[in-house]
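Structure record follows, encoded as structure tokens.
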Amino acid sequence: MSIDATSSREPPKGASALAFRSGSADDRATPSRHRERSATRGRKPRRLTIGRIGLYGFVAVAAAFFLLPAVVMVLTSLKTMPEIREGSIFALPESFDLTAWIKAWSSACTGLDCEGIRVGFWNSVVITVPSTIASIAAGAILGYALSFWRVKGADVLFAILLLGAFLPYQIFLYPMVRAFSMVGLYNTLACIVIVHVIFGLPIMTLIFRNFYAGLPVELFNAARVDGGGFFRIFWNVMLPMSTPILIVAAILQITNIWNDFILGLVFAGRENLPMTVQLNNVVNSTYGEREYNLNMAATILTAAVPLLVYFVSGRWFVRGIAAGAVKG
Amino acid sequence: MTAPRKRPSTASLMLVPFWLVVLVAYVGTMLWTVQISFTASKLLPVDVYVGFDQYHRLFSSTRWLVSMQNAVIFGVLFITGALVLGFLLAVVLDQKVRFENTLRTVFLYPYAMSFIVTGLIWQWLMNPGLGIQKAVRDWGFESFSFAWAVDRDMALYALVLAGLWQASGLVMALMLAGLRGVDEEIWKASRIDGIPAWRVYLFVVVPMLRPLILTAVVLLSISVVKAFDLVVALTNGGPGISSDMPAKFVMDNLFTRQNIGLATAAATVMLITVAAVLVPWIYSEYFRKVRAGAAT
Amino acid sequence: MKQLIATILAGSALAFAAMPASAQDKPRAEVMHWWTSGGESAAIKTFADAYEKAGGEWVDTATAGGENSRAATINRMVGGQPPTAAQFNTGRQFDDLVSQGLIRPIEALAEEGGWKKAMPTALVEAASRDGEMYALPINVHGQNWTFYSKTVLEKSGVAELPSTWEAMIPALQKIKEAGFTPLALGGQPWQERALFNAILLQQGGKDLYMRIYRDKDEEAVRSEGFAKAVETYGALRGLVDAGSPGRSWNDTTSLLLRDTAAIQVMGDWVKGEFTNAGKTPSEDYGCTIGLDDTMLMVGGDVFVFPKTEDEAQKKAQDLLVETMISKDAQAAFNLAKGSMPVRNDVDTSAFDACAKKGLELLKSEDSQAPVFEILVSASLAGAVDDVVTQFWNNPSAQPEDVVEGFVNAFEVEG
């Protein structure tokens with residue numbers, strides 16, 4: 001099997017173009033040499049091969065860079081502490097040992113409680129699900145309103161949102177705590193959900209606004225002629241077309257909300273502390289010696305939900321962006 | 001004739017709750033921040049006004065100046081690095097390589113990791129006694145050195161490296177999506193004209209991806225300005241103050257050092273800087289486009 | 001969407017209202033702290049057990065990292081939902097909370113319990129504002145201990161731990177040549193500063209130390225004694241291992257546990273880690289206060305009790321104070337924590353050889369000095385940290401930089 005036989009999109013006569021295109025990646029790795037060659041030589045198969053080799057070389061290096069930390073984490077989590085101390089981080093574990101994983105999940109100490117990080121798992125789910133749904137709903141409606149309904153002052157609204165996205169979270173803590181306690185919501189599940197909706201609003205609006213701006217205006221005009229109102233058009237026309245961008249938004253928000261630490265710690269209340277708080281306790285608590293295997297297992301377990309979301313929907317993620325943003 | 005007038009009013013009505021959120025949460029916090037920055041507040045806000053004292057204090061702090069400088073260096077390297085790497089990865093995946101789905105996941109998965117986790121992993125990899133350095137030295141390369149996080153000249157670049165690892169995949173996904181949207185006709189035409197592909201990418205495709213690049217830049221710059229978790233987990237601003245960042249300065253002064261006056265002054269400076277650098281640009285990018293769209 | 005939020009609101013409000021009802025009969029105390037490491041957890045457990053034994057219900061809210069924990073505590077106080085009790089370090093971290101009336105004075109309880117006069121004056125003063133106690137000191141931590149690995153000293157040919165820093169530096173050099181890490185230091189600003197202050201107190205003496213941190217005396221900063229301390233500190237820069245920057249104190253202690261490093265200058269909470277690893281003080285490892293067992297730097301932990309109108313909570317607070325300061329709990333807690341009881345009328349026969357050295361020094365005012373957090377504001381403490389960490393981590397920084405840095409910090413932060 002030759003590497004260059006994979007091209008299916010390109011017609012045979014396009015082989016040279018393909019070579020040039022693959023050369024572009026190669027160019028960046030080895031700048032002048034290849035460019036010269038492609039300009040002067042005409043022996044296609046050889047050029048193709050070199051181009052493809054350069055291409056795959058780059059892919060291999062890049063993949064190694066991205067995979068390295070994950071590989072080390074998984075290997076480490078399966079080792080015993082003496083193995084970690086004595087051996088190389090790249091060495092394979094001597095035996096397939098899941099002790100650290102079980103301990104991280106169900107018996108690691110996070111203070112006085114030694115019930116592992118599972119305690120926070122459901123809290124994280126309970127926070128993430130409504131927060132994700134509500135923040136996407138808010139972003140979608142606002143994005144839709146901003147791109148189709150020319151409302152006075154809407155641009156200012158959007159500009160403030162974008163600017164606000166650049167303030168450090170920490171600055172918001174004090175005024176928001178005061179505000180929430182004034183309305184009696186502080187330290188409740190509702191509180192943390194609203195907080196996530198507020199902090200998610202700028203990016204969600206940005207994404208949906210760009211997406212809807214890319215949809216043909218005729219569609220909207222036609223719906224208006226049919227007598228559709230604000231919500232009917234949104235519900236019947238826009239939403240059905242929004243699947244790809246909804247997936248993008250969901251992935252972004254699930255990641256952000258699931259990984260949040262400080263907001264959960266401050267706003268969620270003791271009963272609703274997310275998993276990341278437990279992770280922090282496990283990782284920053286040592287019992288004599290830092291248990292790297294336990295830390296790695298706990299870390300992977302905490303990241304498992306967003307990772308799973310990516311693995312399952314990574315394909316749609318790219319499609320979602322493709323469907324949305326470029327047309328505009 | 002009544003309908004067009006009525007509909008915008010529904011939309012305006014819909015914007016009311018959003019205006020409320022924006023005014024209360026965002027504008028409110030911004031005004032509050034600016035106000036507190038002119039007071040002598042320590043742990044809790046008080047209304048003893050001291051003029052520009054906090055700003056004077058701020059700019060006489062070496063630590064603040066170093067952290068601002070670091071933010072610029074980090075920002076430039078991280079944003080351009082992530083854009084270039086992300087674009088290259090997208091171009092490569094666009095070449096009909098094998099295992100495209102697997103590779104895409106490989107490049108994208110770090111984005112699922114929080115910055116805290118990213119910091120922890122890279123801290124471990126760059127730990128001179130346990131990480132890559134030790135492994136390579138054990139293989140016989142005694143002089144190999146990869147301990148950026150504990151080296152005051154390299155700690156900032158350790159942050160850049162970890163940041164690139166985490167965020168390049170997102171740029172790749174955005175760019176790849178853009179490349180998939182590029183009209184096949186363009187490639188056909190360039191082939192007929194014999195234009196080298198790299199030139200097509202650079203001069204035709206990149207301009208077409210402008211909105212996506214903009215989205216990427218906005219997302220990346222938000223994480224630069226807010227860089228806190230990554231710094232705390234990877235270097236904690238050290239060694240010394242060599243990898244300190246503005247957001248960490250703010251957080252330290254907010255609670256640990258009980259200086260919310262100073263912290264809000266720092267946040268105000270950050271906000272003004274961001275506004276000065278980004279707002280005109282974002283404004284022209286987005287609102288120019290809207291006006292063009294409105295015409296169709 | 002508004003409906004969605006409304007539904008969520010209603011639901012969670014219900015859930016919230018329904019929760020605490022079941023535990024009404026027992027005094028229920030939620031205690032916020034950042035004690036999550038081995039020795040620390042074991043210590044807080046003794047309090048929890050004592051509290052439950054006294055008929056209360058202990059609700060533990062532990063968050064690793066003092067900064068995280070304090071951020072959560074302060075926000076909950078501001079938000080009107082304070083915990084029953086919250087940990088702070090002895091010092092001025094809770095000044096503002098007191099002046100804003102968010103903390104309940106415990107002076108009456110102190111009078112009633114009669115334990116106030118059994119405490120070191122420095123700690124009582126540190127816990128009081130305008131003559132009233134607002135915080136409950138629960139332990140005394142000596143913060144200028146030098147712990148050392150006997151094995152490493154022996155293998156390096158250092159017969160005895162030197163009793164001055166002048167003699168210490170060459171000894172550490174010798175240890176380095178023998179292939180060990182001479183100084184185990186976690187390169188976080190507070191640890192770097194703790195080392196510096198220990199040296200300053202040892203070399204410069206209590207008088208100079210107090211003139212600098214209590215009086216913010218510029219002359220003292222420009223004195224020879226201060227310069228000498230800075231010089232000693234600077235000479236230590238080359239004597240740590242490469243992994244030092246950013247390392248936590250307990251990871252650093254494990255270097256001594258594994259006999260790869262010689263000395264660690266730290267608070268006596270380190271002992272908790274040794275104990276957890278099954279090592280016996282002064283047998284398996286050595287300890288001195290400063291370098292010659294003459295001057296103890298005294299600090300510790302306190303709990304504050306947020307003001308509340310809820311009678312049940314007040315009762316829970318009363319019981320907490322009573323339990324934590326009781327002689328039995330003091331002995332049990334401090335044995336596990338590695339610290340010393342905050343009252344001098346506790347039976348200390350069970351304490352280890354190291355703690356006994358400290359207890360000896362605690363008997364006299366002249367052989368103790370307060371930690372600098374008691375003497376300076378949180379903001380000045382931070383500014384000092386900045387100066388010290390920049391000097392420590394920059395091999396080309398000069399002692400004069402530290403002097404100027406201190407002068408400047410005193411000027412700006414007062």
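Residue numbers (the numbering used here), protein chains in the order written: chain Y, 1 to 328; chain U, 1 to 296; chain W, 1 to 414. The beta carbon of each residue, even a glycine, is placed where N, CA and C say it ideally should be.
In the three-state reduction of the DSSP assignment, U:LEU85 falls in the helix class, which pools H, G and I.
In the DSSP annotation of this structure, the continuous segment of the beta strand (DSSP E) that includes W:TRP58 starts and ends at 57 to 62. Residues ILE127, THR128, SER131, THR132, HIS196 of the same chain have their beta carbon placed closer than 7 Å to that of Y:ILE257, with the five preceding and five following residues left out of the count. Chain-order list of chain W residues neighbouring U:PRO239: GLY187, SER244, PRO245, GLY246, THR389, TRP392, ASN393, ASN394, by C-beta distance under 9 Å. Y:GLY200 and W:ASP259 have their C-alpha atoms spaced approximately 50 Å apart. By the criterion of a C-beta distance shorter than 6 Å, W:LYS327 is surrounded in its chain by VAL346, once the five residues flanking it on both sides are discounted.
Distance check between U:SER242 and each of W:VAL407, W:ASN394, W:GLU400, W:HIS141 places W:ASN394 closest, using alpha-carbon atoms only.
Distances from the alpha-carbon of W:PHE226 to those of W:PRO105, W:ALA42, W:GLY405 put W:GLY405 closest. Note: W:SER128 is bridge-paired with W:MET133 in the DSSP secondary-structure output. Residue contact check for Y:GLY111 against chain W: a CB pair falls below 8 Å. Nearest CB-CB separation between U:SER114 and chain Y: below the 8 Å threshold. In the DSSP assignment, Y:CYS191 falls within the unbroken alpha helix (DSSP H) covering 189 to 213. Of the candidates W:VAL321, W:CYS354, W:LEU362, the residue whose Cα lies closest to the Cα of W:LEU109 is W:VAL321. Membership of W:ILE289 in any alpha helix (DSSP H) is not indicated; the residue belongs instead to the beta strand (DSSP E) covering 286 to 289.
One thing to note: U:SER114 has its Cβ within 8 Å of the Cβ of U:ASP229.
In this structure, the beta-carbon distance from W:GLY234 to W:PRO399 falls below 8 Å.
Residue state for U:GLN35 is assigned as helix, using DSSP reduced to three classes. Nearest CB-CB separation between W:ASN344 and chain Y: not below the 8 Å threshold.
One finds LEU44 in chain U with Cβ atoms closer than 8 Å to the Cβ of W:GLN100, taken in chain order.
The Cβ neighbour count for Y:TYR292, taken over all protein chains shown within 10 Å, is at least 16; the residue is labelled buried. Looking at the DSSP output, W:ALA85 sits in a beta bridge with W:VAL31. Within the model, the alpha-carbon separation for Y:ASP113 versus Y:TYR56 is close to 50 Å. At the C-beta level, Y:ILE300 and Y:MET73 come within 8 Å of one another. Interface flag for W:GLU218 against chain U is unset, since no Cβ pair is found closer than 8 Å. For W:ASP385, the enclosing alpha helix (DSSP H) has its first and last residue at 378 to 393.
A direct Cα-Cα distance of roughly 32 Å separates Y:LEU307 from U:ASP151. Classified as exposed, Y:PHE311 has fewer than 16 neighbouring CB atoms from the shown chains inside 10 Å of its CB. By the C-beta criterion, the segment 24 to 42 of chain U is judged to be in contact with the segment 175 to 187 of chain Y, since at least 3 inter-stretch pairs fall below 8 Å. The beta-carbon distance between W:GLU218 and W:PHE410, rounded to whole angstroms, is 7 Å. This is short enough to meet the 8 Å contact definition. Taking 8 Å as the cut-off, the beta carbon of W:LEU291 is found closer than this to the beta carbon of W:PRO162. In this structure U:ALA71 is in contact with U:VAL224, their Cβ atoms being roughly 7 Å apart against a cut-off of 8 Å. Look at the segment 118 to 135 of chain U: the residues with a C-beta under 7 Å from a C-beta of chain W are ASN127, PRO128, GLY129. Bounds of the beta strand (DSSP E) holding W:PRO370 are 368 to 370. For the segment 249 to 313 of chain W, the full-length alpha helix (DSSP H) segments reaching 4 residues or more read 249 to 257, 270 to 276 along the chain.
The C-beta of W:TRP145 has 16 or more other C-beta atoms within 10 Å across all chains shown, which makes the residue buried. Using a CB distance cut-off of 8 Å, W:VAL78 counts as an interface residue toward chain Y.
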